[in-house]
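Contents: one structure, followed by commentary.
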Amino acid sequence: MLFETNVAFFLHMTTYWGFVYLYSDRKKNDFFKSCENSIRNQLLITYPSLFLFLRYFSPSSTNIFLSFLHFPFYIFMTDVWFYTFHRLFHLNFFWKWHKEHHKNQINVLSIDGGMIEHFLVNQMSVIVGPIITNKLGYAMNIHSFYAWIIFVTANSCLSHIPNKKNIVNNVIHENHHKYLWVNYGAGFYVMDKILGTYRE
């Protein structure tokens, strides 16, 4: 599983840092501190998480198209998990670990924050759907897992690109950074709409 882990990590890193290179505001004072935090989280949390997931929930050589049919379920489970734990980190006791993420709005901040937060909110939300389908006997195809890693990494980065860059209309996530108590979702906002925390 080491080869598959390295491929998944490479795809995550190139997607993430590609967005950072193209769309970050490097003039901000804390840009390099945010980069350090992101690299720390990637090396100490993302890589080991990918390795453990691939070790214990091995994607198979099942039909790749069948695996892609699970993506709507993965998206829903990502939103449920991310919403729940992200909202938890906005409560007083946990806020001390999450407030760093809200300091400014550059896309590198999509994984800038504490390591506990990165594991519980970011990493687990990405793999909870594939873990469930695996336990139900529908192991994810390794190539669709790679596509899933690229998709969720790009989604995370796109939601943090400032609107002034005119790449995407991410006013919904900007409102989360502005008002703090709205739009907790992972870019899909299903749970926000269900639980009344959605704001355009």
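Per the working numbering, the very first residue in the sequence shown carries number 63; after that it's consecutive. Cβ coordinates follow ideal geometry from the N, Cα and C atoms, glycine included.
Nearest-angstrom Cα separation, counted from residue j out to residue i
i: H97; j: H164; result: Per the sequence shown, residue 97 should be read as Cys rather than His. Their Cα atoms are separated by approximately 15 Å.
i: W210; j: V188; result: 8 Å
i: Y83; j: R102; result: 18 Å
i: S120; j: K89; result: 42 Å
i: D87; j: D254; result: 29 Å
i: A216; j: F155; result: 30 Å
i: H152; j: F93; result: 23 Å
i: M177; j: P110; result: 12 Å
i: H205; j: V252; result: 27 Å
i: H74; j: Y241; result: 29 Å
i: F115; j: L150; result: 24 Å
i: T140; j: N125; result: 22 Å
i: N196; j: Y208; result: 16 Å
i: H239; j: S129; result: 34 Å
i: N237; j: V244; result: 7 Å
i: T146; j: M186; result: 11 Å
i: Y246; j: I234; result: 10 Å
i: W79; j: I212; result: 12 Å
Exposure of residue i, with buried meaning 16 or more beta-carbon neighbours within 10 Å
i: I137; result: buried
i: E262; result: exposed
i: P192; result: buried
i: F65; result: exposed
i: I257; result: Here residue 257 is Leu; the residue named in the question, Ile, does not match the sequence. Label assigned to L257: exposed.
i: F72; result: exposed
i: V183; result: buried
i: T108; result: buried
i: T77; result: buried
Simplified DSSP assignment, three categories, for residue i
i: N203; result: strand
i: H74; result: helix
i: E66; result: helix
i: D254; result: helix
i: K240; result: helix
i: T215; result: helix
i: I223; result: coil
i: R88; result: coil
i: E262; result: coil
i: N196; result: helix
i: N338; result: The structure shown does not extend to residue 338, since the chain is modelled only from 63 through 262, so no value can be given for it.
i: A209; result: helix
i: N103; result: helix
Any chain D beta carbon closer than 8 Å to residue i
i: V214; result: Any reference to chain D falls outside this structure, which holds one protein chain only.
Contact the stretch 195-208 vs the stretch 216-223: 3+ CB pairs below 8 Å: These segments do not touch.
Complete runs of the alpha helix (DSSP H) confined to the stretch 105-164 [at least 4 residues]: Secondary structure remark: continuous alpha helix (DSSP H) runs of at least 4 residues inside the stretch 105-164, in chain order: 109-118, 126-130, 133-150, 154-160.
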